[in-house]
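Chains as they are written, first to last, in my numbering: chain A, 84 to 365; chain B, 25 to 317.
Structure first, commentary second.
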């Protein structure tokens, strides 16, 4: 009886799958549609109503992005990538430490601390940006790269902390304690036992913080005040009007730049033989 | 080097580890609270330290404020509810179809990596009067010229804004739930299936309750984000009513610096609304913690 039941469920499962696969396939198309539209627009030159494809293509948009009139396209991209990397590393270190404090120790204020860490999730970035701008100006860090990195890190922190708490809890302290008992120093115990277990989370947190910083417009605008130019702030005026080809060219370069960095992280994950736990990436 | 007893070190360690995070949190709350204070007219750097409710009163008596609040709440509530339903469905379907790594990369990672305003750009390219979608309708003989199609930009229903949030946030919700779901499907789901439960029933009685914590968290993140984000409603929203962050930023940009108090009063109202949600989240979290014990 049980066997036939199991067989029946198996059959049902197989019957259910085409539907699931179709659903996933439709989602793939929905995801790719806007990206391909932007990609086509980036190379479109003349595209009159009601044609479904452009009549003429040109590299005008891409050239504008990379070597714009004042020749700053590549410099802006370099600066954005540098800022995003700094944010990713800083936020991840801070989050890893916070997660360790929360998961491995009992102390007064632990519950309050772990709750406060996720509060930035619940307060809009715009509110934080408008409130903190004056303080940054008075501290002399507005309109500086450092100020922008600091502000971005604050916004990325709750995401990084959530990821790091998950892995730190999963890693536990048993191996590290064992290493300590066997006479290894604190640093060595950590590096050879816990760190490898945390690695997938660290890479996941780095990639999440990187993305958050790279695509931050409003906060960069208010803190950077036009002096710190990133890809997101340079691109935005084109989006809100004006030349759609240039806007799309910025868009597609933006997507490619993020994607390349993401692939590097994926490659690093595999290289270090951490493929088993990459489910953190979804 | 000074020798500190091991016990003391062990007692200090968590505070030392928590310190950098606490510094960042301090700046965050200092910024937010400073903004809220400015809403009460307190701007120490201008020598104004008198508490006043004028700006809040002015904000509340303004005719377009209530419609802005309602509009922002409407946009974020609709986006968050649909994103949760869509995200949980995608997550369940992906678990069931045992999708490949590449599909996950496309379905979840690409939307997470793509900036909101770029999705807005794509929506503009697709659904404005001369966009691709009306062109397609033209070829099907439904639309005759660009002016007959109601453009997505400025539509008061905000369907373009919601569309952008859904495209971005459905995969985000899936990202938050897919790992848990895969684990459940491997262990408990298998057990339920062997015992003869049908997949739909298993999903609603086993999987969904176990994902509740992650779902509530994802809902709050999506809701607050949609409620407080500037770019998308700025690019796609109608002239009236304006979304709250757009309204606040317009006041903030005013050359008259005193006008900032007014922007901050609007921000204060946003913080109040978000705090209510934070409170609900905190209660849910406490209950869950108790439940686990």
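We put the CB at the ideal spot given by N, CA and C, even for glycine.
Which same chain residues end up closer than 8 Å to residue i when comparing Cβ atoms and leaving out the 5 residues on each side of it in sequence?
{"i": "residue 296 of chain B", "result": "none"}
{"i": "residue 312 of chain A", "result": "155, 159, 162"}
{"i": "residue 237 of chain A", "result": "203, 211"}
Report the option in the options whose CA atom is closest to the CA atom of residue i.
{"i": "residue 139 of chain B", "options": "A:311, A:291, A:309", "result": "A:291"}
{"i": "residue 255 of chain A", "options": "A:187, A:284, A:134, A:318", "result": "A:187"}
{"i": "residue 367 of chain A", "options": "A:218, A:245, A:127", "result": "Chain A is shown only over 84 to 365; residue 367 of chain A falls outside these bounds and no answer can be derived."}
{"i": "residue 146 of chain A", "options": "A:278, A:330, A:343", "result": "A:330"}
{"i": "residue 117 of chain A", "options": "B:53, B:145, B:76, B:119", "result": "B:145"}
{"i": "residue 37 of chain B", "options": "A:310, A:181, A:344, A:204", "result": "A:181"}
{"i": "residue 22 of chain B", "options": "B:237, B:182, B:290", "result": "Since the first residue of chain B shown is 25 and the last is 317, residue 22 of chain B is not available in this structure."}
{"i": "residue 223 of chain B", "options": "B:267, B:279, B:121, B:176", "result": "B:121"}
{"i": "residue 128 of chain A", "options": "A:142, A:325, A:119, A:100", "result": "A:142"}
{"i": "residue 59 of chain B", "options": "B:102, B:162, B:294, B:29", "result": "B:294"}
{"i": "residue 33 of chain B", "options": "A:269, A:284, A:273", "result": "A:269"}
{"i": "residue 4 of chain B", "options": "B:85, B:93, B:192", "result": "With chain B running from 25 to 317 in the structure shown, residue 4 of chain B is simply not present."}
{"i": "residue 345 of chain A", "options": "A:318, A:294, A:317, A:101", "result": "A:294"}
{"i": "residue 270 of chain B", "options": "A:115, A:168, A:199, A:208", "result": "A:208"}
{"i": "residue 268 of chain B", "options": "B:279, B:282, B:43, B:289", "result": "B:289"}
{"i": "residue 97 of chain B", "options": "B:278, B:310, B:186, B:312", "result": "B:186"}
{"i": "residue 127 of chain B", "options": "A:276, A:103, A:121", "result": "A:103"}
{"i": "residue 340 of chain A", "options": "A:196, A:170, A:149", "result": "A:149"}
{"i": "residue 52 of chain B", "options": "A:170, A:164, A:178, A:202", "result": "A:202"}
{"i": "residue 120 of chain A", "options": "B:143, B:280, B:55, B:226", "result": "B:143"}
{"i": "residue 280 of chain A", "options": "A:183, A:196, A:239, A:170", "result": "A:183"}
Would residue i be called buried (16 or more neighbouring beta carbons within 10 Å of its own) or exposed?
{"i": "residue 98 of chain A", "result": "Because residue 98 of chain A sits at a pLDDT of 48, beneath the cut-off of 50, its placement in the model cannot be relied upon, and the following sentence gives the value as read from the coordinates. Exposed, since its Cβ has fewer than 16 Cβ neighbours within 10 Å."}
{"i": "residue 359 of chain A", "result": "Low confidence applies to residue 359 of chain A: its pLDDT is 47, below 50, so where it sits in the model is not reliable enough to give any reading."}
{"i": "residue 216 of chain A", "result": "buried"}
{"i": "residue 62 of chain B", "result": "buried"}
{"i": "residue 138 of chain A", "result": "exposed"}
{"i": "residue 133 of chain B", "result": "buried"}
{"i": "residue 291 of chain B", "result": "buried"}
{"i": "residue 132 of chain A", "result": "exposed"}
{"i": "residue 194 of chain A", "result": "exposed"}
{"i": "residue 79 of chain B", "result": "buried"}
{"i": "residue 112 of chain A", "result": "exposed"}
{"i": "residue 266 of chain B", "result": "buried"}
{"i": "residue 191 of chain A", "result": "exposed"}
{"i": "residue 30 of chain B", "result": "exposed"}
{"i": "residue 44 of chain B", "result": "buried"}
{"i": "residue 189 of chain A", "result": "exposed"}
{"i": "residue 283 of chain A", "result": "buried"}
{"i": "residue 347 of chain A", "result": "exposed"}
{"i": "residue 95 of chain A", "result": "Since pLDDT at residue 95 of chain A reaches only 48, below the 50 mark, its modelled position is unreliable, and the value read off the structure follows with that caveat. Its Cβ having fewer than 16 others within 10 Å, residue 95 of chain A is exposed."}
{"i": "residue 103 of chain B", "result": "buried"}
{"i": "residue 214 of chain A", "result": "buried"}
{"i": "residue 54 of chain B", "result": "exposed"}
Under 7 Å Cβ to Cβ from residue i, same chain only, skipping five residues before and after it: list those, please.
{"i": "residue 150 of chain B", "result": "156, 157"}
{"i": "residue 170 of chain B", "result": "153, 154, 158"}
{"i": "residue 298 of chain A", "result": "315"}
{"i": "residue 304 of chain B", "result": "none"}
{"i": "residue 321 of chain A", "result": "329, 330, 333"}
{"i": "residue 231 of chain A", "result": "166, 303, 306, 307, 311"}
{"i": "residue 239 of chain B", "result": "108, 112, 201"}
{"i": "residue 327 of chain B", "result": "Beyond the ends of chain B as shown, which are 25 and 317, falls residue 327 of chain B; an answer cannot be given."}
{"i": "residue 327 of chain A", "result": "124"}
{"i": "residue 194 of chain B", "result": "107, 110, 111, 114"}
If I measure Cβ to Cβ from residue i and keep anything under 6 Å in the same chain, skipping five residues before and after, which residues do I get?
{"i": "residue 299 of chain B", "result": "none"}
{"i": "residue 287 of chain B", "result": "272, 275, 276"}
{"i": "residue 310 of chain A", "result": "226"}
{"i": "residue 318 of chain A", "result": "333"}
Can you name the residues that DSSP bridges to residue i?
{"i": "residue 72 of chain B", "result": "B:67"}
{"i": "residue 129 of chain A", "result": "A:139"}
- Task: Answer yes if the segment 106 to 116 of chain B comes into contact with the segment 237 to 255 of chain B, meaning at least three C-beta pairs across the two stretches below 8 Å, and no otherwise.
- Result: yes
- Query: Can you find at least 3 beta carbon pairs, one from the segment 241 to 255 of chain A and one from the segment 63 to 79 of chain B, that sit closer than 8 Å?
  - Reply: no
- Task: Please confirm if the segment 172 to 179 of chain A is in contact with the segment 337 to 351 of chain A, defined as three or more CB-CB distances below 8 Å between the two stretches.
- Result: no
- Taking three-plus beta-carbon pairs below 8 Å as touching, is the segment 255 to 273 of chain B in contact with the segment 177 to 185 of chain B? yes
- contact_flag[the segment 120 to 136 of chain A, the segment 328 to 342 of chain A] where n(CB pairs < 8 Å) is 3 or more: yes
- Identify each residue in the segment 123 to 134 of chain A for which the Cβ-Cβ distance to at least one residue of chain C is less than 8 Å, and report them in chain order. Annotation note: the requested chain C is absent from the structure, which comprises protein chains A and B.
- Message: Within 8 Å, do at least three Cβ pairs link the segment 81 to 100 of chain B to the segment 225 to 232 of chain B?
- Response: no
- How about the segment 183 to 199 of chain B and the segment 113 to 120 of chain B: do they share at least three Cβ pairs that are nearer than 8 Å? yes
- Message: Would you call the segment 259 to 267 of chain A in contact with the segment 234 to 247 of chain A, where contact means no fewer than 3 C-beta pairs closer than 8 Å?
- Response: no
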